[in-house]
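Take a look at the structure below.
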Amino acid sequence: MATDSERVAILNGFGITIGDSIIGLQALRVAQELGAIPGRPLLFRRPGERPMVGAVYALAADFAETRPFPPGLVPERTLPPPWQPDHFAKLVDIRDFAFAPGFRGVAIIDYFLSHLGVVPERIDGARKRNSWLGSRIRTVVSLELPHDYVLVCPRTSIGLRDMPELIHDAILDWLLANSDAAVVTQARGPSYMVGRVVSVPSLASFAEMCGLVAGARLVVSTDTAMVHLADAFMIPCLAFFTTHDPQWR
């Protein structure tokens with residue numbers, strides 16, 4: 000087994016949300032395949048993360064080890080790493096990456112790839128897709144869902160990015176009028192849609208979230224986590240972004 004001095008350490012790898020974590024781990028797999036990140040790196044992560052985020056990293060345990068930030072090192076870039084260079088073979092510091100000037104203007108996976116030592120322009124689109132997750136997760140379906148449905152995901156981990164209620168209701172109306180599939184939403188539709196739209200409660204596990212996405216015909220989402228899960232299970236997805244111009248990425 001390699002010692003820490005022979006391994007790569009990644010600080011804040013890869014953030015605190017499901018979506019960023021899924022994409023960061025895909026970038027890591029590409030970097031490992033190309034030899035830019037050798038072996039099984041150490042991902043130093045914030046303590047107390049949400050269980051569903053932790054579940055993502057548990058699925059990647061064979062190619063990445065997670066550890067909490069050590070004493071004396073904070074998750075923000077307010078202090079330099081306290082280790083000497085010879086404590087690790089390589090140190091990748093992506094603390095506070097969401098606030099980095101270059102983060103907003105590129106595809107998230109390109110940002111991660113570049114910091115892992117890979118030139119994003121040399122990687123074709125197929126290798127940037129979320130291919131690591133789908134074969135690793137055992138999906139769970141704990142709800143009584145229609146046999147054929149379109150899934151609408153209007154809520155995110157950041158309230159500012161939630162789909163406005165009027166837009167959500169308009170999408171439900173359009174789907175009811177133009178699709179022969181049932182309509183399932185993670186929110187509540189207006190009262191006149193009762194009996195026509197299925198509202199699902201909050202899910203208890205990451206496996207249940209994956210099961211909800213994997214069973215859909217189409218996903219319509221403003222939550223990037225659901226977008227990346229749709230890609231993992233090859234489900235077509237229409238993404239709405241309320242705070243980011245799509246041209247930025």
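Numbering-wise (numbering that gives the first Met the number 0), the sequence shown opens with residue 0 and increments by one. C-beta atoms are modelled at their ideal positions from N, C-alpha and C, and glycine is treated no differently. Here the structure is a predicted model, which is why all the values come from computation and not from measurement.
List the endpoints of the continuous alpha helix (DSSP H) containing residue i.
{"i": "T223", "result": "T223 to A231"}
{"i": "S113", "result": "I107 to H114"}
{"i": "R28", "result": "I17 to E32"}
{"i": "A238", "result": "Not the alpha helix (DSSP H): A238 falls in the beta strand (DSSP E), residues C236 to A238."}
{"i": "L42", "result": "Looking at the DSSP string, L42 is not in any alpha helix (DSSP H); the run it does join, the beta strand (DSSP E), is L41 to R44."}
{"i": "A54", "result": "P50 to L58"}
Using C-beta distances below 6 Å, list every residue in its chain close to residue i, excluding the 5 sequence neighbours before and after it, in chain order.
{"i": "C152", "result": "Q185, S220, D222 and M225"}
{"i": "F43", "result": "L10, R66 and F68"}
{"i": "Y110", "result": "F102"}
{"i": "A59", "result": "L24"}
{"i": "P235", "result": "L217"}
{"i": "G18", "result": "T223, A224 and H227"}
Nearest to residue i by alpha carbon, out of the options?
{"i": "T155", "options": "T16, P70, I9 and G12", "result": "T16"}
{"i": "F96", "options": "E64, S134, A106 and F87", "result": "A106"}
{"i": "V182", "options": "D147, G104 and F87", "result": "D147"}
{"i": "V199", "options": "S20, L10, V140 and G14", "result": "V140"}
{"i": "L132", "options": "L237, A229 and I9", "result": "A229"}
{"i": "P37", "options": "P163, L72, A8 and C236", "result": "A8"}
{"i": "N11", "options": "E64, F68, G18 and P163", "result": "F68"}
{"i": "L252", "options": "R187, A176 and D123", "result": "Not covered by the structure: residue 252. The range shown for the chain is 0 to 248."}
{"i": "V91", "options": "D179, A30 and L142", "result": "A30"}
{"i": "R135", "options": "P235, V55, E48 and R45", "result": "V55"}
{"i": "R137", "options": "V193, E207 and P163", "result": "E207"}
{"i": "L144", "options": "I122, N177 and V212", "result": "V212"}
{"i": "A180", "options": "V196, A169, Y191 and M192", "result": "V196"}
{"i": "F62", "options": "R49, R39, L72 and P46", "result": "R39"}
Which residues does DSSP pair with residue i in a beta bridge?
{"i": "V91", "result": "I9"}
{"i": "A181", "result": "Y148"}
{"i": "S198", "result": "T184"}
Quick one: what's got a C-beta closer than 7 Å to residue i's C-beta in the same chain, skipping five residues either side?
{"i": "D172", "result": "none"}
{"i": "G210", "result": "T138, V139 and V140"}
Considering residue i, what are the terminal residues of the beta strand (DSSP E) in which it resides?
{"i": "Y191", "result": "Segment: none, Y191 is in no beta strand (DSSP E) and carries neither H nor E."}
{"i": "P67", "result": "E64 to P67"}
{"i": "V219", "result": "L217 to S220"}
Kindly list the residues whose CB is nearer than 8 Å to the CB of residue i, restricted to its own chain and excluding five residues on each side of it in sequence; keep chain order.
{"i": "S4", "result": "D85, H86, F87 and A88"}
{"i": "I21", "result": "V55, N129, L132, A224, H227, L228 and A231"}
{"i": "V52", "result": "I15, T16, I17 and S20"}
Three CB pairs or more closer than 8 Å across the segment 112-122 and the segment 20-39: yes
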